[in-house]
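**Q** Provided herewith is a single structure, encoded as structure tokens, for subsequent inquiry.
2 protein chains.
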Amino acid sequence: MSYVGSFQFTVEPFQDDASGRLSWFFLGNHILRVANWHAVSHGFGYEHTQSQSHTWVLSRLVVEMDEMPRTGETYVIKTWVSRVYRQFTDRMFSIESPDGKVYGSVSSIWALIDVNTRQPADLEKLPNGGFAYAIVDTPSTIAPLRRVRMTSEEVALTVPTLFSDLDINGHLNSIRYIQHALNVFPPERHAKQAVRRMEIAYCLETLYGEDLALYVQENDANDYSIDMKKNGDTVVAKVRVTFNPQAL
Amino acid sequence: MSYVGSFQFTVEPFQDDASGRLSWFFLGNHILRVANWHAVSHGFGYEHTQSQSHTWVLSRLVVEMDEMPRTGETYVIKTWVSRVYRQFTDRMFSIESPDGKVYGSVSSIWALIDVNTRQPADLEKLPNGGFAYAIVDTPSTIAPLRRVRMTSEEVALTVPTLFSDLDINGHLNSIRYIQHALNVFPPERHAKQAVRRMEIAYCLETLYGEDLALYVQENDANDYSIDMKKNGDTVVAKVRVTFNPQAL
Numbered sequence: 001m002s003y004v005g006s007f008q009f010t011v012e013p014f015q016d017d018a019s020g021r022l023s024w025f026f027l028g029n030h031i032l033r034v035a036n037w038h039a040v041s042h043g044f045g046y047e048h049t050q051s052q053s054h055t056w057v058l059s060r061l062v063v064e065m066d067e068m069p070r071t072g073e074t075y076v077i078k079t080w081v082s083r084v085y086r087q088f089t090d091r092m093f094s095i096e097s098p099d100g101k102v103y104g105s106v107s108s109i110w111a112l113i114d115v116n117t118r119q120p121a122d123l124e125k126l127p128n129g130g131f132a133y134a135i136v137d138t139p140s141t142i143a144p145l146r147r148v149r150m151t152s153e154e155v156a157l158t159v160p161t162l163f164s165d166l167d168i169n170g171h172l173n174s175i176r177y178i179q180h181a182l183n184v185f186p187p188e189r190h191a192k193q194a195v196r197r198m199e200i201a202y203c204l205e206t207l208y209g210e211d212l213a214l215y216v217q218e219n220d221a222n223d224y225s226i227d228m229k230k231n232g233d234t235v236v237a238k239v240r241v242t243f244n245p246q247a248l
Numbered sequence: 249m250s251y252v253g254s255f256q257f258t259v260e261p262f263q264d265d266a267s268g269r270l271s272w273f274f275l276g277n278h279i280l281r282v283a284n285w286h287a288v289s290h291g292f293g294y295e296h297t298q299s300q301s302h303t304w305v306l307s308r309l310v311v312e313m314d315e316m317p318r319t320g321e322t323y324v325i326k327t328w329v330s331r332v333y334r335q336f337t338d339r340m341f342s343i344e345s346p347d348g349k350v351y352g353s354v355s356s357i358w359a360l361i362d363v364n365t366r367q368p369a370d371l372e373k374l375p376n377g378g379f380a381y382a383i384v385d386t387p388s389t390i391a392p393l394r395r396v397r398m399t400s401e402e403v404a405l406t407v408p409t410l411f412s413d414l415d416i417n418g419h420l421n422s423i424r425y426i427q428h429a430l431n432v433f434p435p436e437r438h439a440k441q442a443v444r445r446m447e448i449a450y451c452l453e454t455l456y457g458e459d460l461a462l463y464v465q466e467n468d469a470n471d472y473s474i475d476m477k478k479n480g481d482t483v484v485a486k487v488r489v490t491f492n493p494q495a496l
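Next comes the structure, spelled out in structure tokens:
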């Protein structure tokens, strides 16, 4: 039996963006859905953890897309758990065409949080070994997050947090941070070059009414660091966006 | 053969909102997807019309939900074309549980626009009768749009139009108007009462960089008219939101 889940999608109208390709929102949303489907099939999905007053919280996300599938194209998202260590687990994804061409890869780090105490569970000490049996120990093809010193003191964009931005826990939903980061750039930039890599370190929750100030720093011509802050100086997310130098 | 399309969904994690029920975004997105699936199956979906330089444009949308399905619940969206008249066609939807309980109903009006001239096609004069053969002439269970005089001169909310808000045509996507209308109200209001009815008259396209000013008028304790304007006084959408008077 394989512990790699494999789920097929087609890029449909209303799941694409102005480029005529899968939007980052739906890519991100499908990644979260697929993670849950895979976890459910192995007994550690949201419905299982919620019954034990725990919920999965995304801590780090790195997405690298060599190419986004176009509207009408079929793609497969493969996912597996690659590691369990202390309070964290790594989940990997590969986005491929049905005949095996790789569109891109994703790595993610998750914690299992007690909804009452907000404390993370020790994932190495779950009853009966937890889900360690499902680990597929493959070398990652995706570079880890890279630390960059943020020196920008100018706010490039301020975004409010409104009702439609909230997830079931009443927090700014994980994928909305990706949209905020994309929105730093005008459509003309997105039309010229595709975003190739998106890194997000989720640091703190954002609640209704908390405006986010986006500080943007150009690391080089195609690489940007974006710090998202609330209440003046509290960092809620550190994002890095890298465009493909090659024109679309 | 039945010309009613029927498509089953389950409310998944990441498709719900803070109430633990299907979000208006995903309800709206699925309505558009289902409309396209049904149209494709009868030869008039996006891929067919695009090859003829035409695209479907949503002109009116009325959604009435007696209840939103909860996370984990399965629901069916049925859809059919109920009328073709001059430049317009009416499409109806019924949202039901698998055993036939009605969650809600939707009526919509569409035009088929020439992407070059922006002129609507005469849908009664399409080659070979167009898709008139697929009409299912059922009486509508949903009240039509109701005109209300807007007298409010105060802007309740201003929203920018950013990259992630754009559809494949570079216009503010139809469902984002629904989110804007919901965002006039704080989460506490949404937690207390569900939105029962949402009416939208789409008047003009909204482009990148065009801020929308939302003028809100309370018609009665649970009923609000919302005009969305760009460039000072140009109405792009007229929305009406009605909450269920009964508490959640």
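In order, the protein sequence lines correspond to chains Z and C.
Under the working numbering, the first residue of the first sequence is numbered 1, with each subsequent residue one higher.
Under the working numbering, the first residue of the second sequence is numbered 249, with each subsequent residue one higher.
Glycine is no exception: its CB is placed at the ideal position from the N, C-alpha and C atoms.
Computed from a predicted structure; not experimentally measured.
For Arg33 of chain Z, report the span of its alpha helix (DSSP H) as first-last.
**A** Trp24 to Ser41
**Q** Counting only the same chain and skipping the five closest in sequence on each side, list residues whose C-beta sits under 8 Å from that of Ser271 of chain C.
**A** Gln263, Asp264 and Asp265
**Q** Find the residues of chain Z that neighbour Tyr294 of chain C, judging by a C-beta separation of less than 8 Å, and give them in chain order.
**A** Pro13
**Q** Ala253 of chain Z: which of Z:Val159, Z:Thr242, Z:Glu124 and Z:Asp90 sits nearest, CA to CA?
**A** Examination of residue 253 of chain Z is not possible in this model, given that chain Z is present from 1 through 248 alone.
**Q** Could you check if Asn450 of chain C is buried or exposed, using at least 16 other CB atoms within 10 Å of its CB as the buried criterion?
**A** Sequence inspection shows Tyr at residue 450 of chain C; the Asn mentioned does not correspond to that position. Flag for Tyr450 of chain C reads buried.
**Q** Within its chain, find whatever has a CB closer than 8 Å to the CB of Pro98 of chain Z; leave out the 5 residues flanking it on each side and keep chain order.
**A** Gln8, Thr74, Tyr75 and Val76
**Q** Which residues in chain Z sit within 7 Å of Ser412 of chain C, going by Cβ to Cβ distance?
**A** Phe25, Gln179, Leu182 and Asn183
**Q** Where do the ends of the beta strand (DSSP E) carrying Arg318 of chain C lie?
**A** Run containing Arg318 of chain C: none; DSSP gives neither H nor E here.
**Q** Which residues of chain Z have a Cβ atom closer than 8 Å to the Cβ of Tyr456 of chain C, listed in chain order?
**A** Pro186 and Pro187
**Q** Below 8 Å CB to CB, which residues in the same chain sit around Ser301 of chain C once its five sequence neighbours on both sides are set aside?
**A** Cβ neighbours of Ser301 of chain C beyond the five flanking positions: Asp362, Val363 and Asn364.
**Q** So Met446 of chain C and Ala429 of chain C are supposed to be a Cβ contact under 8 Å. How far apart are they, rounded?
**A** 7 Å
**Q** At a Cβ threshold of 8 Å, is His438 of chain C touching chain Z?
**A** Put simply, the CB of His438 of chain C is near chain Z, with a gap under 8 Å to one of its CB atoms.
**Q** Short of 7 Å Cβ to Cβ, which residues in the region 101–117 of chain Z face chain C?
**A** none
**Q** Would you report the Cα separation of Ser312 of chain Z and Pro187 of chain Z, rounded to the nearest angstrom?
**A** This structure does not reach residue 312 of chain Z, given that chain Z is present from 1 up to 248, and the question cannot be answered.
**Q** List, in order along the chain, the chain C residues whose C-beta lies closer than 7 Å to that of Gly129 of chain Z?
**A** Ordered by position in chain C, no residue passes the 7 Å Cβ test against Gly129 of chain Z, which lies about 25 Å from the chain.
**Q** Comparing alpha-carbon positions, which option in Z:Thr71, Z:Ser105, Z:Pro120 and Z:Tyr103 lies nearest Ala249 of chain Z?
**A** The structure shown does not extend to residue 249 of chain Z, since chain Z is modelled only from 1 to 248, so the question has no answer here.
**Q** Whole angstroms is fine: what's the gap from Val63 of chain Z's alpha carbon to Ser225 of chain Z's?
**A** 15 Å
**Q** So what does Leu61 of chain Z bridge to, in DSSP terms?
**A** Z:Ser108 and Z:Ile200
**Q** When you compare the CB of Asn219 of chain Z with every CB in chain C, is at least one pair closer than 8 Å?
**A** no
**Q** Anything in chain C within Cβ reach of Gly72 of chain Z, meaning under 9 Å, just list it in chain order.
**A** Glu295
**Q** Whose Cβ in chain C lies nearer than 7 Å to the Cβ of Asn29 of chain Z?
**A** Phe262
**Q** When you compare only the Cα positions, how much space is there between Asn376 of chain C and Arg334 of chain C?
**A** Looking at the two C-alpha atoms, the distance is approximately 16 Å.
**Q** Do Arg444 of chain C and Asn492 of chain C have their C-beta atoms within less than 8 Å of each other?
**A** Yes, Cβ-Cβ distance for Arg444 of chain C and Asn492 of chain C is below 8 Å.
**Q** On a CA-only basis, which of C:Leu496, C:Leu452, C:Tyr456 and C:Asp471 is nearest Asp481 of chain C? Give me that one, please.
**A** Taking only the C-alpha atoms, the option nearest Asp481 of chain C is C:Leu452.
**Q** Any idea if Arg240 of chain Z is buried or exposed, counting beta-carbon neighbours within 10 angstroms, 16 or more meaning buried?
**A** buried
**Q** How many Å lie between Ser174 of chain Z and Leu166 of chain Z at the Cα?
**A** Approximately 9 Å between the Cα atoms of the pair.
**Q** Do you know whose CA, among Z:Pro160, Z:Ala191 and Z:Ser51, lies nearest Glu210 of chain Z's CA?
**A** Z:Pro160
**Q** Between Z:Leu61, Z:Leu27 and Z:Asn36, which has its C-alpha nearest Glu67 of chain Z's C-alpha?
**A** If we check each option's Cα against that of Glu67 of chain Z, Z:Leu27 comes out closest.
**Q** Does the structure place the region 281–299 of chain C close enough to the region 371–385 of chain C that three or more beta carbon pairs sit under 8 Å?
**A** yes
**Q** Leaving out the 5 sequence neighbours to the left and right, which residues in its chain are closer than 7 Å to Asn467 of chain C when beta-carbon positions are compared?
**A** Excluding residues within five positions, the ones whose Cβ falls inside 7 Å are Val396 and Ser473.
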